[in-house]
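I have placed the structure first, in the form of structure tokens, so that the comments after it can refer back to it.
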Amino acid sequence: MVAVKETVEQVKEIEVDQYKYGFVTDIEMDMAPKGLNEEIIGFISAKKNEPEWMLEWRLDAYRRWLTMTEPNWAKVGYPPIDFQDLYYYAAPKSDKEGPKSLDEVDPELLRTYEKLGIPLQEQAVLAGVQGARIAVDAIFDSVSVVTTFKEELAKEGVIFCPLSEALQDHPDLVRKYLGTVVPISDNYYSALNTAVFSEGSFVYIPPGVRCPMELSTYFRINEAQTGQFERTLIIADKGSYVSYLEGCTAPMRDENQLHAAVVELIALEDAEIKYSTVQNWYPGDAEGKGGIYNFVTKRGDCRGKNSKISWTQVETGSAITWKYPSCILRGDNSIGEFYSIAISNGMQQIDSGTKMIHLGKNTKSRIISKGISAGKSSNTYRGLVSAHRKASNTRNFTQCDSLLIGDKCSAHTIPYIEAKNSSAVFEHEATTSKISDDQLFYCLQRGIGEEEAVALIVNGFCKEVLQQLPMEFAVEAQKLVGISLEGSVG
Amino acid sequence: MLVIENLHAEVEGEPILRGLNLEVGTGEVHAIMGPNGSGKSTLSYILSGKEDYDITQGSITYKGDNLFDMSIDERAAAGIFLAFQYPIEIPGVAAMTFLKTALNAQRITRGEDELTTPAFMKLVKEKTAALNIRPEMLRRSINVGFSGGEKKRFEILQMALLEPSLCILDETDSGLDIDALQLVAEGVNRLRSPERSMIVITHYQRLLNHIIPDRVHVLSAGKVVRSGGKELAMELEKNGYAEYEDQKINAA
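Laid out in structure tokens, this is it:
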């Protein structure tokens, strides 16, 4: 067991600080005063020039939030958050009016995204992928910097823009769907988000349209002591299809930063939404100092018959991750999927999983979760599969695999299963394994270095989930898997 | 190529090798035979650098360098290849990906350029045909669900691709029927060259009908107790290891 022994030694001196997106952009910002009260909410709403009903909605959420308490059931630990010690709004000054086109975007911001490898030029293609075109909405702290390919998408009737813009240009659509999947008082963080969210992406795919390109939003937290509260709303109308990807990074800072997002997906009859996340927020340093608290509510509603929502997530960053992308399988024959890779290293804590709520008849769901823990991290899968009394012939298949690297980390699997209809068929499989010394030795003997060997073995372990990612991102995700585990073995 | 002098090694305080001496010249094929527990596999693991063994005495010189100064992957890049008795399964990693990763990793360690994908594919095609390996097999996960014969052929394929200087074959004949054995032995024989040395570890003589060794050594209780030409293997086949087992008892 020498390799394991060596791993343990390495863990002691592990540097999670290899985070390569940890730089800060020096740019003048327009900030709201610190703290949270009704005035601040009014300030944000006014900044966004919102209609009256929106402000009322926010205030309603705020008042409910004041009566709620933070959830404490997750297997994560952190000191109390002082919600008055945060900035709830931060926007680059140069962006006062909101940019109209790429030429008008502050060059400093463009450089930031270039450094992050995000293609904002419409002619740009992702490295190595010829002809791949991806529309990007770039969100920097509290505002959207630019959204690309908007005109081209508009030709197909696809709306892809910042939520604040959608509120101006398509208020009826927003009002009809916003908050219908995640209600105001759903949970502590979603209520907080509803009160103070400042930006997010809005997507509407009209009936029968197959969105001609991947849509993606890239979230960047830059400013210190600033929370990011984004709100994403995606509606796939009857018979439409969209594939959407979000990516996230943040600078390395000593204090913890809060990211409390809400994502709502609505799939109408025969529609399909594929939502992929590559989350690489700053995880904090080796002692667990700093890093993002990623407290996120993501939920999809398969509202129409034969609809489908598929979540794929690659979670490698954040000091703490608390997130359960879920599907409400309301329409008959609808399908929900959840594919997850959650990697924790250093002092990271992850409590993540999904909920599959079967309400309609013949609804199916599939959960494939791959948790990899290294360092002194804690990695928990928590999931719920339930069948409503009237939901006949529902099916679920769940597979939760955990891989441990070293012996200071932990993995936990907490599945909840509730079948109120006797025709439900729910299957659950779970495994826990360690990277074996034999596997490492075999790779090393063939001349493969130790870190590359671990990345190879872990990528093999995650293969079923990596395959679900859009091709353009699968390669990036594979590399990310390797990078996140750097320093986890000798 | 390889000089082992007075090698003593133990696992968790239990001595396994007790003063082993062996010299393998460039281009030579040496067979190591011996009863179970005599230290044959231990020798192969120590040569390739597996870390479960404590070396208490002795030295190993490989191409003039102290082998103990080299890490496992450095040894591999320097041309030491171990064909495993029980090849390891790695789920989800395609055999083809593994071959390419290994070959390029060795090339980088040696300061050479990585092989391009077309050049690599051409090379693989050439080597697989000779070993009767279908391309489909290389799309499967490494050794997962491979038959005994497929596993051993995959080992030899890796050997053919990586072109090592010192091949160590650990009980390559175990678990093979006669046809598979022949195929594997042909693969090995094709790799014999004046620049390449081989250590063939086997319990039975039958493999040595196909891979004819230059020298045969009998290992018992952690050291070489007898060396000879290929005829020594025939003698062992006839008389068994009984007389060497006695020595083991005496040694213990």
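Those protein sequences? They're chains A and B, same order as listed.
Numbered per our numbering, the first sequence spans residues -15 to 474.
Numbered per our numbering, the second sequence spans residues 26 to 277.
Glycine included, every Cβ here is placed at the ideal spot set by N, Cα and C.
(request) Using a Cβ-Cβ cut-off of less than 8 angstroms, list which residues of the segment 435 to 464 of chain A approach chain B; keep chain order. (result) Cβ contacts with chain B come from E436, L440, I441, N443, G444, F445, C446, K447 and E448.
(message) Check whether the segment 145 to 162 of chain B and the segment 189 to 199 of chain B are in contact - that is, three or more C-beta pairs closer than 8 angstroms.
(response) no
(request) May I ask which residues mark the beginning and end of the beta strand (DSSP E) holding B/Y87? (result) Reading the second sequence from its first residue, position 62 is the one you call residue 87 of chain B. Counting along the chain, the beta strand (DSSP E) containing B/Y87 begins and ends at D79 to Y87.
(request) Can you say whether A/Q429 is buried or exposed, counting buried as having 16 or more other CB atoms within 10 angstroms of its CB? (result) The count along the first sequence starts at 1 and reaches residue 429 of chain A at position 445. A/Q429 comes out buried.
(message) Could you compute how far the alpha carbon of A/G337 sits from the alpha carbon of A/Q451?
(response) Mapped onto the first sequence, residue 337 of chain A falls at position 353. Mapped onto the first sequence, residue 451 of chain A falls at position 467. Distance between the alpha carbons of A/G337 and A/Q451 is about 19 angstroms.
(message) Do A/T281 and A/V226 have their beta-carbon atoms positioned less than 7 angstroms apart in this structure?
(response) Looking up residue 226 of chain A in the first sequence gives position 242. Looking up residue 281 of chain A in the first sequence gives position 297. No, the pair does not count as a contact, with Cβ atoms beyond the cut-off.
(request) Would you give the residue range spanned by the alpha helix (DSSP H) that A/V165 belongs to? (result) Sequence index remark: in the first sequence, residue 165 of chain A carries index 181 (1-based). A/V165 -> no alpha helix (DSSP H), and no H or E assigned at all.
(request) Run down chain A in chain order and give the residues with a C-beta less than 9 angstroms from the C-beta of B/A144. (result) Along the second sequence, one-based indexing puts residue 144 of chain B at 119. In chain order: nothing, as chain A lies at least about 18 angstroms away.
(message) Which of the three DSSP states is assigned to A/Y426 in this structure?
(response) Here the question's residue 426 of chain A lines up with position 442 in the first sequence. If DSSP states are grouped into helix, strand and coil, A/Y426 belongs with the helices.
(request) Give the range of the beta strand (DSSP E) segment to which A/F186 is assigned. (result) Taking the first residue of the first sequence as position 1, residue 186 of chain A is located at position 202. S185 to I189 is the extent of the beta strand (DSSP E) around A/F186.
(request) Starting from B/R159, trace the alpha helix (DSSP H) both ways and give me its first and last residue. (result) To locate residue 159 of chain B, count along the second sequence from 1; it is residue 134. Taken as a continuous stretch (DSSP letters only), B/R159 belongs to no alpha helix (DSSP H), as it is neither H nor E.
(message) Any C-beta of chain B within less than 7 angstroms: which residues of the segment 404 to 425 of chain A qualify?
(response) For the segment 404 to 425 of chain A, the set of residues with a beta-carbon nearer than 7 angstroms to any beta-carbon of chain B comprises D422, Q423 and F425, in chain order.
(message) Going by DSSP, what residue range makes up the alpha helix (DSSP H) through A/N363?
(response) Position 379 of the first sequence, counted from the first residue, corresponds to residue 363 of chain A. First-last for A/N363: S362 to A371, but that is the beta strand (DSSP E), not the alpha helix (DSSP H).
(request) Show which residues of chain B have a CB atom less than 9 angstroms away from the CB atom of A/Q297. (result) Numbered from its first residue, the first sequence carries residue 297 of chain A at position 313. In chain order: nothing, as chain B lies at least about 18 angstroms away.
(message) Once DSSP output is grouped into helix, strand and coil, what is the label at A/I398?
(response) For the purposes of this step, residue 398 of chain A is taken as residue 414 along the first sequence, with counting starting at 1. Shown here, A/I398 sits in a strand according to DSSP, grouped into three states.
(request) With DSSP as the reference, please indicate the residues paired to B/H235 in a beta bridge. (result) The count along the second sequence starts at 1 and reaches residue 235 of chain B at position 210. Looking at the DSSP assignment, B/H235 forms no beta bridge with any residue, so it has no partner.
(message) I need the DSSP call for A/K18, collapsed to helix, strand or coil.
(response) Start at 1 with the first residue of the first sequence, and residue 18 of chain A comes out as number 34. When secondary structure is reduced to three states using DSSP, A/K18 falls in the coil class, being assigned neither helix nor strand.
(request) Please confirm if the segment 206 to 225 of chain B is in contact with the segment 130 to 142 of chain B, defined as three or more CB-CB distances below 8 angstroms between the two stretches. (result) no
(message) My assumption, with CB atoms under 8 angstroms, is that B/E196 sits in contact with B/T227. Please give the rounded CB distance.
(response) On the second sequence, position 171 is the one that residue 196 of chain B refers to. On the second sequence, position 202 is the one that residue 227 of chain B refers to. 6 angstroms between Cβ atoms; contact.
(message) Buried or exposed, going by whether 16 or more other CB atoms sit within 10 Å of the CB of A/K292?
(response) For the purposes of this step, residue 292 of chain A is taken as the residue at position 308 of the first sequence. Buried: at least 16 other Cβ atoms inside 10 Å.
(message) Can you tell me where the alpha helix (DSSP H) holding B/M223 begins and where it ends?
(response) Translated into the one-based positions of the second sequence, residue 223 of chain B becomes position 198. Run containing B/M223: none in the alpha helix (DSSP H); it sits in the beta strand (DSSP E), S222 to T227.
(request) Could you please give the first and the last residue of the uninterrupted beta strand (DSSP E) stretch that includes B/M58? (result) Residue 58 of chain B sits at position 33 when you count from the first residue of the second sequence. Residues V54 to M58.
(request) Alpha carbon to alpha carbon, how far is A/A461 from A/I65? Give it in angstroms, no decimals. (result) For this step, residue 65 of chain A is matched to residue 81 along the first sequence. For this step, residue 461 of chain A is matched to residue 477 along the first sequence. Cα to Cα, A/I65 sits roughly 31 angstroms from A/A461.
(message) Considering only their Cβ atoms, is the gap separating A/T261 from A/L313 smaller than 7 angstroms?
(response) The sequence position of residue 313 of chain A within the first sequence is 329, counting from 1. The sequence position of residue 261 of chain A within the first sequence is 277, counting from 1. Between A/L313 and A/T261, the CB-CB gap reaches or exceeds 7 angstroms.
(request) Check the DSSP bridge columns for A/A220 and list the partner residues they point to. (result) Start at 1 with the first residue of the first sequence, and residue 220 of chain A comes out as number 236. Bridge partners of A/A220: A/I189 and A/A251.
(request) Please decide whether B/I80 counts as near chain A, where near means a Cβ-Cβ distance under 7 angstroms. (result) Sequence index remark: in the second sequence, residue 80 of chain B carries index 55 (1-based). Answer no: the Cβ-Cβ gap between B/I80 and chain A never drops below 7 angstroms.
(message) Can you check whether the C-beta of A/Q429 is within less than 7 angstroms of a C-beta belonging to chain B?
(response) Looking up residue 429 of chain A in the first sequence gives position 445. Closer than 7 angstroms to some Cβ of chain B, the Cβ of A/Q429 qualifies, so yes.
(message) So, at 7 angstroms on beta carbons, what are the nonlocal neighbours of B/G200 in its own chain, with the 5 sequence-adjacent residues on each side left out?
(response) On the second sequence, position 175 is the one that residue 200 of chain B refers to. Excluding sequence neighbours, B/G200 sits near G173.
(request) Figure out for me which residue from A/C286, A/Q241, A/S324 and A/S302 has the closest Cα to the Cα of A/I341. (result) Numbered from its first residue, the first sequence carries residue 341 of chain A at position 357. Nearest option by C-alpha distance: A/C286.
(message) With a threshold of 7 angstroms between beta carbons, is A/I389 in contact with chain B?
(response) Here residue 389 of chain A refers to the residue found at position 405 of the first sequence. No, A/I389 lies away from the interface with chain B (no Cβ there is under 7 angstroms from its Cβ).
(request) Measuring only between beta-carbons, confirm whether A/I352 sits less than 7 angstroms from chain B. (result) For the purposes of this step, residue 352 of chain A is taken as residue 368 along the first sequence, with counting starting at 1. Output row for A/I352: interface = no.
(message) Is B/L107 close to chain A? Criterion is C-beta to C-beta, closer than 7 angstroms.
(response) For the purposes of this step, residue 107 of chain B is taken as residue 82 along the second sequence, with counting starting at 1. Closer than 7 angstroms to some Cβ of chain A, the Cβ of B/L107 qualifies, so yes.
(request) Would you please verify whether the beta carbon of B/G212 is less than 7 angstroms from any beta carbon of chain A? (result) Against the second sequence, residue 212 of chain B aligns to sequence position 187. For B/G212, the answer is no, since every Cβ of chain A falls outside 7 angstroms of its Cβ.
(request) Please check if any C-beta of chain B sits within less than 7 angstroms of the C-beta of A/I432. (result) Working through the first sequence from its first residue, we reach residue 432 of chain A at position 448. Yes, its Cβ sits closer than 7 angstroms to a Cβ of chain B.
(request) Scan the segment 329 to 362 of chain A and note each continuous beta strand (DSSP E) run of 3 residues or more that stays entirely inside, going in chain order. (result) 333 to 336, 339 to 342 and 348 to 357
(request) Check the Cβ of B/S73 against every Cβ in chain A and list those closer than 7 angstroms, keeping chain order. (result) As a first step, residue 73 of chain B must be located in the second sequence, where it is residue number 48. Result: Q429.
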